[in-house]
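Scroll down for the structure; my scribbles are underneath it.
Residue numbers (this note's numbering): 1 to 156.
Shown next as structure tokens:
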């Protein structure tokens, strides 16, 4: 059976599974697409000799694929949002009042990068020049330090 005809035959199953995730912040079309990938994965692994209906077999594959996608996207959206909140909060304060209290679990280089970025408001490439690092490496250090700070606040 060709994939188009196969998908048309089982699209209602995918829609019913995807409908459970309709209220998430992820576009429904993206959820449907992941569900269709789960359907095709189930088709590939299905063994008709096992005497089980295809829909019964495919449901967990579709659900798993959608659930993992929604989880991954939600985490990504959360991290982007929290980075945005941190950056906006610090940028709203005048430079002379922005003094970071950095946790002890940060390395010296991580503290330097954060101080240069948030207190002195230097762009990443300028921080890189000061520290002898490339811009991308400075960005990575900044992200790692922010993640450590988020983990630190969750433990409190």
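All residues carry an ideal CB built from backbone N, CA and C; glycine is no exception.
* To do: Give me the Cβ distance between residue 13 and residue 58, rounded to the nearest whole Å; I'm assuming they're in contact under 8 Å.
  => Sequence index remark: in the chain shown, residue 13 carries index 13 (1-based). Sequence index remark: in the chain shown, residue 58 carries index 58 (1-based). Right, the Cβ-Cβ distance comes to about 6 Å (below 8 Å), so this counts as a contact.
* Beta-carbon separation (whole angstroms), residue 70 vs residue 26, contact threshold 8 Å -> Translated into positions along the chain shown, residue 70 becomes position 70. Translated into positions along the chain shown, residue 26 becomes position 26. So it is a contact: roughly 6 Å between Cβ atoms.
* Helix, strand or coil: how does DSSP classify residue 53 here? -> Numbered from 1 along the chain shown, position 53 holds the residue referred to as residue 53. Residue 53: coil per DSSP, three-state reduction.
* To do: Can you grab the Cα-Cα spacing for the pair residue 145 / residue 105, in whole Å?
  => Within the chain shown, numbered from 1, the residue matching residue 145 stands at position 145. Within the chain shown, numbered from 1, the residue matching residue 105 stands at position 105. Cα to Cα, residue 145 sits roughly 9 Å from residue 105.
* **Inter-residue Cα distance where the pair is residue 181 and residue 127** => An answer regarding residue 181 cannot be provided, because it is not within the stretch 1 to 156 covered by the chain.
* Asked: Taking just the CA atoms, how far does residue 75 sit from residue 9?
  -> Locating residue 9 in the chain shown gives position 9, counting from the first residue. Locating residue 75 in the chain shown gives position 75, counting from the first residue. If I take the Cα positions, the gap works out to 33 Å.
* Could you tell me the boundaries of the alpha helix (DSSP H) in which residue 45 lies? => The residue labelled residue 45 in the question sits at position 45 within the chain shown. Taken as a continuous stretch (DSSP letters only), the alpha helix (DSSP H) holding residue 45 covers 28-45.
* Who are the Cβ neighbours of residue 16 in its own chain at under 8 Å, not counting the five residues just before and after it? -> Residue numbering aside, residue 16 sits at position 16 when the chain shown is read from its first letter. Cβ neighbours of residue 16 beyond the five flanking positions: none.
* **Closest by C-alpha distance to residue 3, when choosing among 23, 41, 29, 19** => Numbered from its first residue, the chain shown carries residue 3 at position 3. Of the listed residues, the one whose Cα sits closest to residue 3 is 41.
* Are there 16 or more other CB atoms within 10 angstroms of the CB of residue 130, so buried, or fewer, so exposed? -> Translated into the one-based positions of the chain shown, residue 130 becomes position 130. Residue 130 is exposed by the Cβ-count criterion.
* Asked: Can you tell which of 142, 125, 143, 36 has its C-alpha closest to the C-alpha of residue 135?
  -> For this step, residue 135 is matched to residue 135 along the chain shown. When each option's Cα is compared against that of residue 135, the closest is 125.
* Asked: Within 10 angstroms of its Cβ, does residue 72 collect 16 or more other Cβ (buried), or is it exposed?
  -> Taking the chain shown and counting its residues from 1, one reaches residue 72 at position 72. Label assigned to residue 72: exposed.
* To do: Please state whether DSSP places residue 24 in a helix, a strand or coil.
  => To locate residue 24, count along the chain shown from 1; it is residue 24. Coil.
* What's the call for residue 101, buried or exposed, on a 16-neighbour Cβ count within 10 Å? -> As a first step, residue 101 must be located in the chain shown, where it is residue number 101. Result: exposed.
* Asked: Taking three-plus beta-carbon pairs below 8 Å as touching, is the region 50-69 in contact with the region 27-37?
  -> yes
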